[in-house]
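Heads up: the sequence lines are chains D and U, in that order.
One point on numbering: in numbering that gives the first Met the number 0, the residue at position 245 of the first sequence is 244, and numbering is uninterrupted.
One point on numbering: in numbering that gives the first Met the number 0, the residue at position 251 of the second sequence is 250, and numbering is uninterrupted.
Read the structure below first, then the notes.
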Amino acid sequence: MGLVFIAPAALILLTLAVYPIVDVVFLSFHKVDVYAGFKLIYNGLSNYARLIADNLFRTAFINTLQFVVGATVLEVLLGLLLAVAFSIEFRGREKIVPLIVMPMMLPTIVISSFWRIMYHTEFGIINAMLKLVGLPPVNWLGDVRTAMLSIIIVDLWQYTPFAFLVIYAGIQSIPPSIINAALVDGATLPQITRYIVLPLVKRHILVVAMLRIIDTFRIFDKVFALTGGGPGNATEVLSFIIYKNAFRYYDFGYAAAQAVIMLAVVLTIIITYIKITRRGG
Amino acid sequence: MRTTSKIGRIIHWVVIALALAWTIFPLYWIIVTSFKQSWEVLLWPPTPVPLHPTLENYAKLVFKDRFYVYMLNSLIVSTGAATLSLLLGSLAAYGLARIGLPARLGNLFLVWVLVIRMIPPITIAIPLFTILRSMGLLDTRLGLIIAYQVYTLPYTIWLLHGFFTAVPRDIEWAALVDGATRLQALLRVILPAMAPGLVTVLVLSMIMSWNEFLYALIFINSPEKYTVTVIVANYIQEFTIDWGRLAGSGILSMLPVLALTFYVQKYVIRGLAYTGVKA
Chain D
0 MGLVFIAPAA LILLTLAVYP IVDVVFLSFH KVDVYAGFKL IYNGLSNYAR LIADNLFRTA
60 FINTLQFVVG ATVLEVLLGL LLAVAFSIEF RGREKIVPLI VMPMMLPTIV ISSFWRIMYH
120 TEFGIINAML KLVGLPPVNW LGDVRTAMLS IIIVDLWQYT PFAFLVIYAG IQSIPPSIIN
180 AALVDGATLP QITRYIVLPL VKRHILVVAM LRIIDTFRIF DKVFALTGGG PGNATEVLSF
240 IIYKNAFRYY DFGYAAAQAV IMLAVVLTII ITYIKITRRG G
Chain U
0 MRTTSKIGRI IHWVVIALAL AWTIFPLYWI IVTSFKQSWE VLLWPPTPVP LHPTLENYAK
60 LVFKDRFYVY MLNSLIVSTG AATLSLLLGS LAAYGLARIG LPARLGNLFL VWVLVIRMIP
120 PITIAIPLFT ILRSMGLLDT RLGLIIAYQV YTLPYTIWLL HGFFTAVPRD IEWAALVDGA
180 TRLQALLRVI LPAMAPGLVT VLVLSMIMSW NEFLYALIFI NSPEKYTVTV IVANYIQEFT
240 IDWGRLAGSG ILSMLPVLAL TFYVQKYVIR GLAYTGVKA
């Protein structure tokens with residue numbers, strides 16, 4: 000009986016998400032002739048052989064990992080700092096929280112275009128501020144050393160609010176009596192944070208870190224808008240090279256093999272995440 | 000919590016002020032840029048307020064680029080995707096929360112839906128492309144609406160599942176005792192009772208679709224069908240970027256999102272329940 004209600008949605012999701020997962024694995028063993036009406040030619044493991052020897056794929060993989068780790072670690076740390084700061088009562092808090100949270104609701108491509116304007120080497124406001132404090136200008140998006148960092152900074156701007164929100168919710172759920180008791184006993188704020196808050200929101204921190212890892216893996220919009228994968232290959236990431244192989248070079252079979260590897264990695268993380276949340280939840 | 004020492008209060012104040020400035024400054028800067036004339040955008044050092052404020056960027060966007068066409072496309076696609084998800088999702092969520100599936104199938108279904116929501120969209124883009132192609136739906140807004148179900152349907156099912164679980168069973172039993180069928184009870188009694196929740200879910204799905212870029216980029220080819228994210232990306236790709244116009248296009252494309260966010264503000268935090276965190 001329940002099945003009747005669930006069937007339409009289940010059918011759509013089977014067609015749009017499960018069949019494609021099977022199909023992308025299938026495609027990865029083929030060469031797809033796009034110009035002959037998407038004719039499939041079986042070519043065994045040769046897409047995977049090519050992938051192993053492909054330096055660009057390796058670079059994109061490492062770059063993606065750099066972005067994932069850099070963005071996640073910084074967002075969780077900053078989010079934690081903010082969550083503690085906002086847990087201390089002050090006037091106007093309820094009005095400021097929605098403001099702080101706003102960036103994560105905005106279109107990534109639009110946000111990236113904002114930062115692209117601010118990062119500009121010659122007339123960008125960021126270099127103008129550096130000059131104000133006597134520092135030399137930085138070629139943010141054009142320098143191999145700073146390009147990935149610049150992309151991470153934009154992600155920090157957009158998604159630190161998410162880490163903040165989850166951890167903040169965790170702190171809010173701690174009974175005030177516990178903290179008051181500690182205060183009466185003369186504990187300082189850093190002590191309370193270290194010995195009461197942190198242990199109690201450990202789970203929230205873990206969950207938000209996993210969610211950020213899963214989400215940052217798919218990075219596409221920011222690279223597309225900010226650097227296009229450059230300079231050189233400094234900011235090439237998995238989603239972006241798969242996109243280019245499939246939809247610019249029409250090398251569907253090879254792109255499918257890359258997609259399968261990416262899917263395998265991310266699925267492993269997703270399953271770990273689900274196990275963690277189920278166990279405690 | 001309260002602060003204790005004076006130094007603590009100062010540090011606290013600095014952290015809050017920095018967080019606010021950090022969040023607001025980019026928005027302030029882009030608004031300012033969008034009101035500058037092209038020569039002023041390129042001025043060094045940059046001017047903190049426009050010397051000669053102008054509407055020329057917005058005029059260019061509206062009259063020359065017909066930016067409203069892209070906004071309309073985004074509106075059609077996001078409304079369509081969110082509505083379709085709400086229809087399918089409310090049926091599914093109701094079935095799961097109230098009737099249930101045999102054994103642990105219901106739980107399994109929810110987990111499965113969550114996994115779909117989390118996989119990187121690019122990994123299934125190629126098969127989606129061939130599906131839409133074989134249905135003749137490439138380069139159509141309807142095709143994009145269908146593709147967006149990958150994002151919005153799982154999200155809708157999770158949020159609504161939470162809402163349905165929270166609605167008291169009594170009102171439903173009353174309707175069933177009076178001889179209503181399950182579907183009638185759902186349509187006439189339960190859905191009206193949770194109308195605010197439904198609107199919230201609809202709005203959140205709309206924001207999600209409005210913001211989407213990858214599938215819009217891949218599945219739409221004709222410029223007259225571009226969504227706002229694709230046209231903004233196009234402005235960035237131009238050989239000589241018109242920065243003022245780019246800033247204006249960003250402001251125009253995020254205004255509807257800001258308006259909608261204002262409406263769902265309260266629920267954004269609650270929406271986190273979807274992530275699996277007990278908030």
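In this text, a Cβ means the ideal position worked out from N, Cα and C, and glycines have one as well.
_C-alpha distance - residue 217 of chain U paired with residue 178 of chain D, whole-angstrom precision_ = The residue labelled residue 217 of chain U in the question sits at position 218 within the second sequence. The residue labelled residue 178 of chain D in the question sits at position 179 within the first sequence. Whole-angstrom Cα-Cα distance: 52 Å.
*By the criterion of Cβ-Cβ separation under 7 Å, what are the contact partners of residue 115 of chain D in chain U?*
Locating residue 115 of chain D in the first sequence gives position 116, counting from the first residue. Here the neighbours are 235.
*Coil, strand or helix - residue 28 of chain D by DSSP*: Within the first sequence, the letter at position 29 stands for residue 28 of chain D. Reduced to three states, the DSSP call for residue 28 of chain D is coil.
*asked:* Looking at chain D, is there any beta carbon in it that lies within less than 8 Å of the beta carbon of residue 202 of chain U?
replied: Position 203 of the second sequence, counted from the first residue, corresponds to residue 202 of chain U. Residue 202 of chain U does not count as touching chain D.
_Taking 8 Å as the cut-off, does the segment 63 to 75 of chain U touch the segment 222 to 240 of chain U (at least 3 CB pairs, one atom from each stretch)?_
yes
*Taking all protein chains shown into account, decide if residue 42 of chain U is buried (16 or more other Cβ within 10 angstroms of its Cβ) or exposed.*
As a working mapping, residue 42 of chain U is identified with position 43 in the second sequence. Exposed, by the Cβ-count rule.
_Under the three-state DSSP convention, the category residue 69 of chain U falls into_ = Translated into positions along the second sequence, residue 69 of chain U becomes position 70. Of the three classes helix, strand and coil, the one that applies to residue 69 of chain U here is helix, per DSSP.
*asked:* Would you call the segment 125 to 145 of chain U in contact with the segment 11 to 23 of chain D, where contact means no fewer than 3 C-beta pairs closer than 8 Å?
replied: yes
*asked:* What residue range does the alpha helix (DSSP H) around residue 47 of chain D cover?
replied: On the first sequence, position 48 is the one that residue 47 of chain D refers to. Residue 47 of chain D -> alpha helix (DSSP H) spans 45 to 52.
*Measure from the C-beta of residue 224 of chain D to each C-beta in chain U and report whether the shortest distance is under 8 Å.*
Here residue 224 of chain D is taken as the residue at index 225 of the first sequence, counted from 1. Taking Cβ atoms only, chain U reaches closer than 8 Å to residue 224 of chain D, which makes this a yes.
*chain U contacts made by the segment 244 to 267 of chain D, where a contact means CB separation under 8 Å*: 245, 246, 251, 254, 255, 258, 259, 261, 262, 265 and 266
*Rounded to the nearest angstrom, how far is the Cβ of residue 82 of chain D from that of residue 166 of chain D, given a contact under 8 Å?*
Residue numbering aside, residue 82 of chain D sits at position 83 when the first sequence is read from its first letter. Residue numbering aside, residue 166 of chain D sits at position 167 when the first sequence is read from its first letter. Right, their Cβ atoms sit about 4 Å apart.
_Whether or not the segment 113 to 121 of chain U and the segment 183 to 190 of chain U are in contact is what I'm after, with contact meaning three or more pairs of Cβ atoms, one per stretch, closer than 8 Å; do they touch?_
no
*Please determine if the segment 166 to 184 of chain U and the segment 27 to 43 of chain U are in contact, where contact requires at least 3 C-beta pairs separated by less than 8 Å.*
no
_To the nearest angstrom, how far is the alpha carbon of residue 231 of chain D from that of residue 73 of chain U?_
On the first sequence, position 232 is the one that residue 231 of chain D refers to. On the second sequence, position 74 is the one that residue 73 of chain U refers to. So the two alpha carbons sit approximately 34 Å from each other.
*Starting from residue 39 of chain D, follow its DSSP beta bridges and name the residues at the other end.*
On the first sequence, residue 39 of chain D is found 40 positions in, with the first residue counted as 1. Residue 39 of chain D pairs with D:31.
*For residue 154 of chain D versus residue 221 of chain D, is the C-beta spacing smaller than 8 Å?*
For the purposes of this step, residue 154 of chain D is taken as the residue at position 155 of the first sequence. For the purposes of this step, residue 221 of chain D is taken as the residue at position 222 of the first sequence. Against a cut-off of 8 Å, the Cβ pair of residue 221 of chain D and residue 154 of chain D comes out as a contact.
*asked:* Between the alpha carbons of residue 75 of chain U and residue 146 of chain U, how many angstroms are there, rounded?
replied: Counted from its first residue, the second sequence places residue 75 of chain U at position 76. Counted from its first residue, the second sequence places residue 146 of chain U at position 147. For residue 75 of chain U and residue 146 of chain U, the distance between alpha carbons rounds to 14 Å.
*CA-CA distance, residue 89 of chain D and residue 195 of chain D?*
As a working mapping, residue 89 of chain D is identified with position 90 in the first sequence. As a working mapping, residue 195 of chain D is identified with position 196 in the first sequence. Roughly 21 Å between the two C-alpha positions.
_Proximal residues to residue 235 of chain D (C-beta, below 7 Å), its chain only, five neighbours per side dropped_ = Your numbering for residue 235 of chain D matches position 236 in the first sequence. Same-chain partners within the cutoff: 55, 58, 59, 62 and 228.
*Give the DSSP-derived three-state secondary structure of residue 147 of chain U in the structure shown.*
Reading the second sequence from its first residue, position 148 is the one you call residue 147 of chain U. In the structure shown, residue 147 of chain U sits in coil (DSSP, three-state: anything other than H, G, I, E or B).
*asked:* With distance defined between alpha-carbon atoms, name the residue in U:242, U:48, U:144 and U:220 nearest to residue 83 of chain U.
replied: In the second sequence, residue 83 of chain U corresponds to position 84, counting from 1. Nearest option by C-alpha distance: U:144.
*Which bits of chain D does residue 117 of chain U rub up against, with CB to CB less than 7 Å?*
Within the second sequence, residue 117 of chain U is the residue found at index 118, counting from 1. Those are 213 and 269, listed as they occur along chain D.
*asked:* Taking beta-carbon pairs under 7 Å, can you tell me which members of the segment 83 to 109 of chain U lie near chain D?
replied: 87, 88, 90, 91, 93, 94, 95, 98, 99, 100 and 108
*asked:* I want to see whether chain D comes within less than 8 Å of residue 51 of chain U, judged by CB atoms only; does it?
replied: As a first step, residue 51 of chain U must be located in the second sequence, where it is residue number 52. Chain D contact via Cβ: absent.
_Considering only their Cβ atoms, is the gap separating residue 94 of chain U from residue 141 of chain D smaller than 8 Å?_
Residue mapping note: residue 141 of chain D aligns to position 142 of the first sequence, counting from 1. Residue mapping note: residue 94 of chain U aligns to position 95 of the second sequence, counting from 1. Cβ distance not < 8 Å, so residue 141 of chain D and residue 94 of chain U don't count as in contact.
*State yes or no: is the C-beta of residue 212 of chain U within less than 8 Å of the C-beta of residue 108 of chain D?*
Within the second sequence, the letter at position 213 stands for residue 212 of chain U. Within the first sequence, the letter at position 109 stands for residue 108 of chain D. Closer than 8 Å, so yes.
*What's the gap between the Cα of residue 208 of chain U and the Cα of residue 6 of chain U?*
By one-based count along the second sequence, residue 208 of chain U stands at place 209. By one-based count along the second sequence, residue 6 of chain U stands at place 7. Rounded to the nearest angstrom, the two C-alpha atoms are 46 Å apart.
*For residue 86 of chain U and residue 104 of chain U, the rounded distance between their alpha carbons*: Position 105 of the second sequence, counted from the start, is the residue given in the question as residue 104 of chain U. Position 87 of the second sequence, counted from the start, is the residue given in the question as residue 86 of chain U. Straight-line Cα distance between these residues: approximately 22 Å.
*Nearest chain D C-beta to residue 253 of chain U closer than 8 Å, yes or no?*
Numbered from 1 along the second sequence, position 254 holds the residue referred to as residue 253 of chain U. By this cut-off, residue 253 of chain U is an interface position.
*Taking only the alpha-carbon atoms, compute the straight-line gap between residue 76 of chain D and residue 14 of chain U and give it to the nearest angstrom.*
Here residue 76 of chain D corresponds to residue number 77 of the first sequence, with the count starting at 1. Here residue 14 of chain U corresponds to residue number 15 of the second sequence, with the count starting at 1. Each residue's alpha carbon lies about 14 Å from the other.
*asked:* At the 8 Å Cβ level, is residue 222 of chain U part of the contact set with chain D, yes or no?
replied: If you number the second sequence from 1, residue 222 of chain U lands on position 223. Output row for residue 222 of chain U: interface = no.
*Could you tell me whether the Cβ atoms of residue 106 of chain D and residue 252 of chain U are closer together than 8 Å?*
Position 107 of the first sequence, counted from the start, is the residue given in the question as residue 106 of chain D. Position 253 of the second sequence, counted from the start, is the residue given in the question as residue 252 of chain U. In this structure, residue 252 of chain U lies closer than 8 Å to residue 106 of chain D by Cβ.
_DSSP three-state assignment for residue 37 of chain U, whether helix, strand or coil_ = Translated into positions along the second sequence, residue 37 of chain U becomes position 38. In this structure, residue 37 of chain U counts as helix in the three-state DSSP scheme.
_C-beta atoms of residue 205 of chain U and residue 162 of chain U nearer than 8 Å_ = Counting from one through the second sequence, the residue named residue 205 of chain U turns up at place 206. Counting from one through the second sequence, the residue named residue 162 of chain U turns up at place 163. No, they are not a contact pair.
*Among U:225, U:159, U:183 and U:226, which has the Cα closest to the Cα of residue 195 of chain U?*
Taking the second sequence and counting its residues from 1, one reaches residue 195 of chain U at position 196. Out of U:225, U:159, U:183 and U:226, U:159 has the C-alpha closest to the C-alpha of residue 195 of chain U.
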